[in-house]
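Student:
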Amino acid sequence: MKEINTGIDIGELEGIFAGKGGFNAPEWETFLQALEQGILAATIRDSLGNWQAVPWVKSAILSGFKAGGAAAWDWPGGAVDRPAFPPRVFGLEDGVRVVPGGTSARRGAYIAPGVVIMPPSYINVGSHIGTGSMVDSHALVGSCARIGEKVHLSAGAQVGGVLEPPQARPVVIEDNAFVGGLCGIFEGIIIRKNAVLAPGVVLSKSTRIFDLVLEKEWIGEVPENAVVVPGAWAIPSGSNHRKIPG
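In this text, residue positions in the sequence shown follow this note's numbering: the first is -2, and each later residue adds one.
(1) Which residues bound the alpha helix (DSSP H) around residue 54?
(2) For residue 186, which of helix, strand or coil comes out of DSSP?
(3) Excluding the 5 residues flanking residue 93 on each side, which residues of the same chain have their C-beta closer than 6 Å to its C-beta?
(4) Between the Cα of residue 192 and the Cα atoms of 220, 185, 81, which residue gives the shortest distance?
(5) Name the DSSP bridge partner or partners of residue 168?
(6) Does DSSP classify residue 214 as helix, strand or coil?
(7) Would you mind working out which of 16, 30, 17 sits nearest residue 5, comparing C-alpha positions?
(8) Pull up the DSSP beta-bridge partners for residue 13, would you.
(9) Please report the Cβ distance between residue 24 and residue 10, rounded to the nearest whole angstrom; I am assuming they are in contact, meaning their Cβ atoms lie under 8 Å.
(10) Does the pairing of the stretch 177 to 186 with the stretch 56 to 73 give three or more beta-carbon distances under 8 Å?
(11) Looking at residue 169 and residue 154, is the spacing between their C-beta atoms short of 8 Å?
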């Protein structure tokens, strides 16, 4: 872990933000570094082991967008973004393998040593990616999403981010999960550890997941060790049958 030498006590950041709704430059730099080192996170486990959003962290990230403005960043072909969110620059000391070819990660994202990022991928602010995970080509890790250790996000996988409202829990993918190609995981879904999502699975908070073994439905999460494949539920005939007009 790198030392944070900004002169700001990390423990005071929540109070600073609550008092004035924003940060000055040293406070903002301390906040970004604390996120990047995993000292702060937008999603944590509570005392009962449940995943919960950390509203003040998400509100702080939002303050960077609300500050407005634009800045040009050194990027092939040029890039213009909010001044509060420059792209991350990786070095050998980070222990992250970033294969060249168009990947971008914003500052304020925690990317653990041992992570592999294939091009092109995008990793947004506030996200958390555990050691040994792979972010494959054309994958998206949205703002404040939490990816555990040894997770494989296959090519084209989309992990949705949630900034507003601050109380809303982002997507969580626990350790050793496998997310197949072109999957979409949105709206605070939890993928429990060791679960496997076949290619093309799309999940939101209203998606019904049918457990053929236990003969039950899951909504909002995929259970531990589950294997999920795309499917459809037939509309029964009779009173519930709906004819398509035309």
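Every residue, glycine too, gets a C-beta built ideally from N, C-alpha and C.
Tutor: Based on what the coordinates show:
(1) 52 to 63
(2) Looking at residue 186 - three-state DSSP - the assignment turns out to be coil, as it is neither helix nor strand.
(3) The answer, listed in chain order, is 87, 108, 112.
(4) 220
(5) None, per the DSSP bridge assignment.
(6) The answer is strand: DSSP assigns residue 214 an E or B state.
(7) 30
(8) For residue 13, which the question treats as bridged, DSSP gives no partner whatsoever.
(9) With a Cβ gap of about 7 Å, residue 24 and residue 10 count as contacting.
(10) Of all C-beta pairs linking the stretch 177 to 186 to the stretch 56 to 73, fewer than three are shorter than 8 Å, placing the two stretches out of contact.
(11) No, the Cβ-Cβ distance between residue 154 and residue 169 is not below 8 Å.
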